Amino acid sequence: MALTPQDIGRIAHLARLELSPQESERMLTRLNGFFDIVEQMRSVDTTGIEPLAHPVAVVQDIALRLRADVVSESNQRQANQRSAPAVENGLFLVPKVIE
Numbered sequence: 098m099a100l101t102p103q104d105i106g107r108i109a110h111l112a113r114l115e116l117s118p119q120e121s122e123r124m125l126t127r128l129n130g131f132f133d134i135v136e137q138m139r140s141v142d143t144t145g146i147e148p149l150a151h152p153v154a155v156v157q158d159i160a161l162r163l164r165a166d167v168v169s170e171s172n173q174r175q176a177n178q179r180s181a182p183a184v185e186n187g188l189f190l191v192p193k194v195i196e
């Protein structure tokens with residue numbers, strides 16, 4: 098998959114970026130280079146290869162350090178909602194913006 102200069106212009110427009118012609122050309126080269134690398138990786142046959150949780154697991158046994166799943170902060174919903182213009186049943190009320 099290769100991008101065209103028109104694709105770069107559209108992406109820049111969507112991202113609200115103003116790119117000079119030189120920047121657009123450099124971006125086109127970089128993005129197409131990235132897609133080339135992705136295509137090379139996709140072409141590798143990975144049949145029978147198990148996914149790894151961590152790449153270091155291939156060379157040594159590792160134990161992931163996971164933190165305990167415990168509450169670390171108290172519920173301060175009421176204090177956080179004091180400054181809100183409108184609250185109902187613990188939820189922020191906001192004006193409708195899409196009809």
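By the count of this note's numbering, the sequence shown reaches residue 196 at its end, each step adding exactly one. The C-beta atom is built at its ideal place from N, Cα and C for all residues, glycine as well. What you are looking at is a predicted structure, and each value in this text was computed from that prediction instead of being measured.
DSSP bridge partner residues for V184 (one or two, in chain order): Along the sequence shown, one-based indexing puts residue 184 at 87. Answer is F189.
T143 - DSSP class collapsed to helix/strand/coil: The residue labelled residue 143 in the question sits at position 46 within the sequence shown. Of the three classes helix, strand and coil, the one that applies to T143 here is coil, per DSSP.
R164 versus N172: straight-line alpha-carbon distance, rounded: As a first step, residue 164 is located in the sequence shown; it is residue number 67 there, counting from the start. As a first step, residue 172 is located in the sequence shown; it is residue number 75 there, counting from the start. Here the alpha carbon of R164 sits roughly 20 Å from the alpha carbon of N172.
Alpha-carbon spacing of A109 relative to E115, whole angstroms: On the sequence shown, residue 109 is found 12 positions in, with the first residue counted as 1. On the sequence shown, residue 115 is found 18 positions in, with the first residue counted as 1. A109 and E115: Cα-Cα distance of roughly 7 Å.
For I105 and S117, believed in contact at Cβ under 8 Å, the rounded distance: Reading the sequence shown from its first residue, position 20 is the one you call residue 117. Reading the sequence shown from its first residue, position 8 is the one you call residue 105. Wrong, their Cβ atoms sit about 12 Å apart, outside the cutoff.
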